[in-house]
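Everything below concerns the one structure shown next.
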Amino acid sequence: GVEIRTVIDNNDDTVRAERIQFQQALINLVRNAADAVAEQAQPVVVIRGETLGDEGYRVTVEDNGPGIAGDHIESIFRPMTTTKSSGMGLGLSVTRTIVESHGGALTVGRSALGGAAFTVRLPRGDDET
Numbered sequence: 019g020v021e022i023r024t025v026i027d028n029n030d031d032t033v034r035a036e037r038i039q040f041q042q043a044l045i046n047l048v049r050n051a052a053d054a055v056a057e058q059a060q061p062v063v064v065i066r067g068e069t070l071g072d073e074g075y076r077v078t079v080e081d082n083g084p085g086i087a088g089d090h091i092e093s094i095f096r097p098m099t100t101t102k103s104s105g106m107g108l109g110l111s112v113t114r115t116i117v118e119s120h121g122g123a124l125t126v127g128r129s130a131l132g133g134a135a136f137t138v139r140l141p142r143g144d145d146e147t
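To get our numbering, take the position in the sequence shown, counting from 1, and add 18.
Okay, structure coming up:
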C-alpha cells in the first residue's frame, strides 16, 4: 500500500473555502499522488499544511513518484490532458478551477521526495467563518 503522511500546523487560523469543493480538490491531488507512486518500492505521499500568517494557508501534496516531465508541466492543468490510460484529464483542471474560485493558486514543482509537489495557497479567512 501507499504510506500517506500528514504534517499539519496546529493552530486556529481559518481559510474561506466551500468545504465540499475544497475536499474534492484535495482528494484529486492525493489520488493523483497515490497513482503516481503505485509502482515505487516504498510509495510515500506527504500532505503538508502550513500557516503563512497574514498570507493565508498552504497545503502541499507531494510524492516520491517519477515526477512530471518538463514538457508536461505547462499542459497538465489543461482539460483533457492525462498521462493515465484510464484518466479523462479533468482532475487537475477542475482542481485548479476550484482553488482559483476561492481566491487561491495551484502550482506544481519538484518534491524533495523526488516526485511531484502540488501546492495550494489560499487566502486567510475571516475569524467569523
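The C-beta atom is built at its ideal place from N, Cα and C for all residues, glycine as well.
Given that a residue counts as buried once 16 or more other Cβ atoms are within 10 Å of its Cβ, and exposed if not, what is residue i?
{"i": "residue 82", "result": "buried"}
{"i": "residue 74", "result": "buried"}
{"i": "residue 53", "result": "buried"}
{"i": "residue 106", "result": "Any reading at residue 106 must be qualified, since the residue scores a pLDDT of 48, below 50, and its modelled position is unreliable; no value is offered."}
{"i": "residue 80", "result": "buried"}
For residue i, I'd like the list of residues in its chain whose CB is within less than 6 Å of its CB, leaving aside the five on either flank, ordered along the chain.
{"i": "residue 110", "result": "94 and 95"}
{"i": "residue 135", "result": "78, 80, 127 and 129"}
{"i": "residue 116", "result": "39 and 43"}
{"i": "residue 142", "result": "74"}
{"i": "residue 26", "result": "67"}
Select from the options the residue whose C-alpha is nearest the C-alpha of residue i.
{"i": "residue 43", "options": "141, 112 and 129", "result": "112"}
{"i": "residue 30", "options": "57, 80 and 69", "result": "69"}
{"i": "residue 121", "options": "63, 36, 90 and 24", "result": "36"}
{"i": "residue 62", "options": "45, 76, 131 and 26", "result": "131"}
{"i": "residue 21", "options": "45, 65 and 92", "result": "65"}
{"i": "residue 32", "options": "45, 71, 86 and 91", "result": "71"}
Have a look at the DSSP bridge pairing and note the partners of residue i.
{"i": "residue 123", "result": "139"}
{"i": "residue 78", "result": "66 and 137"}
Can you tell me where the beta strand (DSSP E) holding residue i begins and where it ends?
{"i": "residue 96", "result": "Residue 96 -> no beta strand (DSSP E), and no H or E assigned at all."}
{"i": "residue 34", "result": "No beta strand (DSSP E) contains residue 34, which DSSP labels as neither H nor E."}
Could you give the residue range of the alpha helix (DSSP H) that holds residue i?
{"i": "residue 55", "result": "37–55"}
Please tell me whether, using a cut-off of 7 Å, the distance from the CB of residue i to the nearest non-hydrogen atom of the ligand COA is below it.
{"i": "residue 118", "result": "With respect to the ligand COA, the structure offers nothing, as it holds no ligand at all."}
Note down, in chain order, each residue of its chain lying with its Cβ closer than 7 Å to the Cβ of residue i, except the 5 sequence neighbours on either side.
{"i": "residue 139", "result": "74, 76, 122 and 123"}
{"i": "residue 58", "result": "82 and 83"}
Identify, in the order they occur along the chain, each residue of the same chain with its Cβ nearer than 8 Å to the Cβ of residue i, setting aside the five sequence neighbours on each side.
{"i": "residue 114", "result": "95 and 124"}
{"i": "residue 60", "result": "21 and 82"}
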